[in-house]
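Peer 1:
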Amino acid sequence: MSPERTRSIVRGTLALLVAAAAYEALAQGGIFPKALLPPLPKVAGTLFDMLADGSMLWHAAYTLTRMLIGFALAVLIGLPLGILMGRVRALEGFFLPLVSALMPIPSLAWVPVFILWFGLGNTVAVLVVCYAAMFPVVLNAWSGVRSVNQLWLRAAGAMGADETALFWKVMLPGAAPFIIAGLRQAFQRSWIAVVGAEMITSSDWGLGWVIYDAKEFLNADVMLASLAVIGAIGFVFERLVFGSLERATVLRWGMVCAVKG
Amino acid sequence: MRHAMHKTVSEPGSSAGPLRARLRGPSGSHTRWRALARTALPFLLVGALWEIIAHLGTFPPRLFPPLEDVASALVRLTVAGILPRHAAETLLRLLAGFCLAVIAGVGLGIAMGRSRLAEDILLPLVSIGAPIPGVAYAPLFLLWFGLGNVSAVLLVGFVSMFPIVFNTWTGVKAVKEIWVRSAQAMGADQERLFRHVILPGALPYILAGLRLGLAQAWRILVVVELLAAVPWGLGWLIFGAREFLNTDVMLAGIVVIGAIGLGLENLVFRRLEQFTVIRWGMMAA
Numbered sequence: 001m002s003p004e005r006t007r008s009i010v011r012g013t014l015a016l017l018v019a020a021a022a023y024e025a026l027a028q029g030g031i032f033p034k035a036l037l038p039p040l041p042k043v044a045g046t047l048f049d050m051l052a053d054g055s056m057l058w059h060a061a062y063t064l065t066r067m068l069i070g071f072a073l074a075v076l077i078g079l080p081l082g083i084l085m086g087r088v089r090a091l092e093g094f095f096l097p098l099v100s101a102l103m104p105i106p107s108l109a110w111v112p113v114f115i116l117w118f119g120l121g122n123t124v125a126v127l128v129v130c131y132a133a134m135f136p137v138v139l140n141a142w143s144g145v146r147s148v149n150q151l152w153l154r155a156a157g158a159m160g161a162d163e164t165a166l167f168w169k170v171m172l173p174g175a176a177p178f179i180i181a182g183l184r185q186a187f188q189r190s191w192i193a194v195v196g197a198e199m200i201t202s203s204d205w206g207l208g209w210v211i212y213d214a215k216e217f218l219n220a221d222v223m224l225a226s227l228a229v230i231g232a233i234g235f236v237f238e239r240l241v242f243g244s245l246e247r248a249t250v251l252r253w254g255m256v257c258a259v260k261g
Numbered sequence: 001m002r003h004a005m006h007k008t009v010s011e012p013g014s015s016a017g018p019l020r021a022r023l024r025g026p027s028g029s030h031t032r033w034r035a036l037a038r039t040a041l042p043f044l045l046v047g048a049l050w051e052i053i054a055h056l057g058t059f060p061p062r063l064f065p066p067l068e069d070v071a072s073a074l075v076r077l078t079v080a081g082i083l084p085r086h087a088a089e090t091l092l093r094l095l096a097g098f099c100l101a102v103i104a105g106v107g108l109g110i111a112m113g114r115s116r117l118a119e120d121i122l123l124p125l126v127s128i129g130a131p132i133p134g135v136a137y138a139p140l141f142l143l144w145f146g147l148g149n150v151s152a153v154l155l156v157g158f159v160s161m162f163p164i165v166f167n168t169w170t171g172v173k174a175v176k177e178i179w180v181r182s183a184q185a186m187g188a189d190q191e192r193l194f195r196h197v198i199l200p201g202a203l204p205y206i207l208a209g210l211r212l213g214l215a216q217a218w219r220i221l222v223v224v225e226l227l228a229a230v231p232w233g234l235g236w237l238i239f240g241a242r243e244f245l246n247t248d249v250m251l252a253g254i255v256v257i258g259a260i261g262l263g264l265e266n267l268v269f270r271r272l273e274q275f276t277v278i279r280w281g282m283m284a285a
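Keeping their order, the protein sequence lines are chains A and B.
What the first sequence shows, in my numbering, is residues 1 to 261, in sequence order.
What the second sequence shows, in my numbering, is residues 1 to 285, in sequence order.
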């Protein structure tokens, strides 16, 4: 490890420690009520208790299940649609205006409409996630397919690749950087959507519901503990799941460069 | 990539079609009408489908109103001045929060890009806050700052700050070393280096960050308005309409939300880009 990198890590750790100490001093100082600004050991204790009695795991499991079902639906519909839009002119002409018109509407604005149509509960959260994740998937698949180098297609065609081989061996890998970037963006949006939807549809389980419910009882420690869990899950997905997906495909194929730092 | 982009622009069916046709004068009017019809067709089909379902009576009309009800609600509320006031309050909130985010985000991002010390200190803090979705902070902000506008504006600012910080930071770091060196060799002092080299050099990234930040703020503002219980605002309008089963009002509100979102993206940012980075030849149109 280079001395510069070591220095960065030391400084970063120091900054975090100083921030934590400042927060702690503010919390213990008693200027603000303890209920609103709980000291860090209390937050850590709450987090540990909720993990130990399993309630946090259940909340996280509910949230993740809702999110993953909606996300999977969006990928199942959006990926083929986007690819077809990139290949078939008629479909592009039909769906592109619709997608462009619906995309600027925030997914959470549909929550009240979906509640009226489908009642309170899981369906609303899943549908909102699906709506949020759909557009990045469709648009990125569409632009990915269109940006595949024409030369590669002609070369593969000249070497005798049939339609199936052309699709699986050239088109899909060629569009992969765009598609993966779209999935990443879709995940971020659906993570926001699921937490927001849970706050509003209040269904007894789920991280968004815990945070919102904790407000009623002034349990700022529960809120901060759940925020930590939400952030940790988001971070794990972003870095580990999508990071390794990228490393296994487009990075290994040398189609994009690794971002330094 | 560039090749592909160039190709699409020259296609008559693409979104650039109508404009190009208009520029070409009367001889292109035929193409323009065809392009217009082609864009309108999907909306007409979906609208007709909606009408058929609404009039079949499978669902109660209160929950699935025909389009003419939605349109009349839109007109009624606009004429009564209710919808414009809701929209104005929402936009004001968005603007206030976004201004805070721009000031804080661009400032922090530039500091992080220019100074190693600032980068080492701020990056861990920003990286911890960024992966948490904005709405999740909402209850905490409400607890700390109370119900109302203060929480809503601060939350919108806080959430849209992250993409701005990251992009500004990346943009400042991505300014070509050779530009900085040659400016210095030509005798530019720190202030001129910053104003004439680093800021324009980082601008494509900063603009992309502003765009992302604004989009994120817009996505959560609707919910924040509901949670913060502000007296006016589009978010409040649609959630309030749910209580009375006014689906037509809700859909009218959603139409306005979508239109504003589209307007922010197309009118504000595309213009801004055209005036700066595209004119300077740093980005392809």
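Even for Gly, the Cβ is constructed at its ideal location relative to N, Cα and C.
Between G208 (chain A) and V129 (chain A), is the Cβ-Cβ spacing less than 8 angstroms?
Peer 2: No.
Peer 1: In chain A, which residues lie with their C-beta within 8 angstroms of the C-beta of F265 (chain B)?
Peer 2: It should be noted that the sequence gives Glu, not Phe, for residue 265 (chain B). By Cβ distance, chain A contributes P104.
Peer 1: Mind reading off the beta-carbon distance from I105 (chain A) to G261 (chain B)? Whole number of angstroms is fine, and I expect it under 8 angstroms.
Peer 2: Correct: roughly 7 angstroms between the Cβ atoms.
Peer 1: Does the beta carbon of W218 (chain B) come closer than 8 angstroms to any beta carbon on chain A?
Peer 2: Output row for W218 (chain B): interface = yes.
Peer 1: Measure the Cβ-Cβ separation of G157 (chain A) and I179 (chain A) and say whether it is below 8 angstroms.
Peer 2: No, Cβ-Cβ distance for G157 (chain A) and I179 (chain A) is not below 8 angstroms.
Peer 1: In whole angstroms, what separates the C-alpha of A176 (chain A) from that of G233 (chain B)?
Peer 2: If you take the alpha carbons of A176 (chain A) and G233 (chain B), they lie about 41 angstroms apart.
Peer 1: Mind checking which residues open and close the alpha helix (DSSP H) that includes T58 (chain B)?
Peer 2: Per DSSP, T58 (chain B) belongs to no alpha helix (DSSP H) and is neither H nor E.
Peer 1: How many whole angstroms separate the CB atoms of G171 (chain B) and Y137 (chain B), which I take to be in contact at a CB cut-off of 8 angstroms?
Peer 2: Rounded, the Cβ-Cβ distance is 26 angstroms, inconsistent with contact.
Peer 1: Which chain B residues sit within Cβ distance under 8 angstroms of P177 (chain A)?
Peer 2: By Cβ distance, chain B contributes nothing, its closest Cβ being about 11 angstroms from P177 (chain A), past 8 angstroms.
Peer 1: List the residues of chain B whose Cβ lies closer than 9 angstroms to the Cβ of Y62 (chain A), in chain order.
Peer 2: Ordered by position in chain B, no residue passes the 9 angstroms Cβ test against Y62 (chain A), which lies about 15 angstroms from the chain.
Peer 1: Using a Cβ-Cβ cutoff of less than 8 angstroms, which residues in the same chain neighbour G47 (chain B) once the five nearest sequence positions on both sides are dropped?
Peer 2: Around G47 (chain B): L67.
Peer 1: Of the residues that make up the segment 201 to 219 of chain A, which ones have a beta carbon closer than 8 angstroms to any beta carbon in chain B?
Peer 2: Within the segment 201 to 219 of chain A, the qualifying residues are L207, G208, I211, Y212, A214, K215, L218.
Peer 1: Going by alpha carbons, who is nearest to G86 (chain A) out of A:F94, A:W142, A:L36?
Peer 2: When each option's Cα is compared against that of G86 (chain A), the closest is A:W142.
Peer 1: Name, please, each residue of chain B whose Cβ falls closer than 8 angstroms to the Cβ of R11 (chain A).
Peer 2: The contacting residues are L117, D120, I121.
Peer 1: Can you confirm whether F43 (chain B), when its beta carbon is compared against all beta carbons of chain A, has any partner nearer than 8 angstroms?
Peer 2: It does: the Cβ of F43 (chain B) has a partner Cβ on chain A nearer than 8 angstroms.
Peer 1: Can you tell me the Cα-Cα spacing of D213 (chain A) and L91 (chain B), whole angstroms?
Peer 2: Rounded to the nearest angstrom, the two C-alpha atoms are 29 angstroms apart.
Peer 1: Could you check where the alpha helix (DSSP H) with I128 (chain B) kicks off and where it finishes?
Peer 2: Element bounds for I128 (chain B): 116 to 129.
Peer 1: Would you check if the distance between the CB atom of A111 (chain A) and the CB atom of F118 (chain A) is smaller than 8 angstroms?
Peer 2: This sequence places Val at residue 111 (chain A); Ala is not what is there. No, the Cβ-Cβ distance between V111 (chain A) and F118 (chain A) is not below 8 angstroms.
Peer 1: Would you say I230 (chain A) reaches chain B, if we count a Cβ-Cβ gap shorter than 8 angstroms as a contact?
Peer 2: Output row for I230 (chain A): interface = yes.
Peer 1: Three-state secondary structure (DSSP) at N167 (chain B)?
Peer 2: Here N167 (chain B) sits in helix by DSSP.
Peer 1: Please report the straight-line C-alpha distance between R22 (chain B) and G82 (chain A), rounded to a whole angstrom.
Peer 2: Note that R22 (chain B) scores 43 on pLDDT, short of 50, meaning its location in the model is unreliable; the coordinates nonetheless yield the value given after this. About 30 angstroms.
Peer 1: Taking just the CA atoms, how far does L226 (chain B) sit from H86 (chain B)?
Peer 2: Between H86 (chain B) and L226 (chain B), the C-alpha separation is close to 13 angstroms.
Peer 1: Strictly below 7 angstroms CB to CB, what residues from chain A border L144 (chain B)?
Peer 2: Correcting the residue type first, residue 144 (chain B) is Trp in the shown sequence and not Leu. The contacting residues are L36.
Peer 1: For a quick check, are the C-beta atoms of F239 (chain B) and G157 (chain B) less than 8 angstroms apart?
Peer 2: No, these two residues do not count as a Cβ contact at 8 angstroms.
Peer 1: Cα-Cα, which of B:I278, B:V159, B:V230 is closest to L214 (chain B)?
Peer 2: Cα-wise, what sits closest to L214 (chain B) is B:V159.
Peer 1: CA-CA distance, G54 (chain A) and E89 (chain B)?
Peer 2: One C-alpha to the other measures close to 43 angstroms.
Peer 1: Assign F244 (chain B) to one of three DSSP states: helix, strand, or coil.
Peer 2: Three-state result, F244 (chain B): coil.
Peer 1: Please list the segments of the beta strand (DSSP E) lying wholly inside the segment 180 to 256 of chain B, counting only runs of 3 or more residues, in order along the chain.
Peer 2: Runs of the beta strand (DSSP E) inside the segment 180 to 256 of chain B: none found.
Peer 1: Checking 8 angstroms against the spacing of the C-beta atoms, do A228 (chain B) and L94 (chain B) come in under that value?
Peer 2: No. Outside cutoff.
Peer 1: Should A4 (chain B) be flagged as near chain A, meaning a C-beta pair shorter than 8 angstroms?
Peer 2: Reliability fails at A4 (chain B), whose pLDDT of 35 lies under 50, so the model's placement of it is uncertain and the value that follows must be treated cautiously. With 8 angstroms as the cut-off, A4 (chain B) counts as an interface residue toward chain A.
Peer 1: Quick check on this structure: which residue in B:F64, B:A104, B:S182 has the alpha carbon closest to the alpha carbon of I164 (chain B)?
Peer 2: Nearest C-alpha to I164 (chain B): B:A104.
Peer 1: Let me know if L120 (chain A) comes out buried or exposed under the rule of 16 or more other beta-carbons within 10 Å of its beta-carbon.
Peer 2: Exposed: under 16 other Cβ atoms inside 10 Å.
Peer 1: Pull up the CB-CB distance for A21 (chain A) and A220 (chain A), whole angstroms please, since I reckon it's below 8 angstroms.
Peer 2: So it is not a contact: roughly 19 angstroms between Cβ atoms.
Peer 1: If you count every other CB in all the chains shown that lies within 10 Å of the CB of M255 (chain A), and 16 or more means buried, which is it?
Peer 2: Result: exposed.
Peer 1: Starting from the C-beta of S190 (chain A), find all residues in its chain whose C-beta is less than 7 angstroms away, skip the five residues before and the five after it, and write them out in chain order.
Peer 2: Within the same chain, S190 (chain A) has close Cβ partners M67, G70, F71, V129, A132, A133.
Peer 1: In angstroms, rounded to a whole number, what distance separates the CA positions of M112 (chain B) and L125 (chain B)?
Peer 2: Near 12 angstroms, if we compare the C-alpha coordinates of L125 (chain B) and M112 (chain B).
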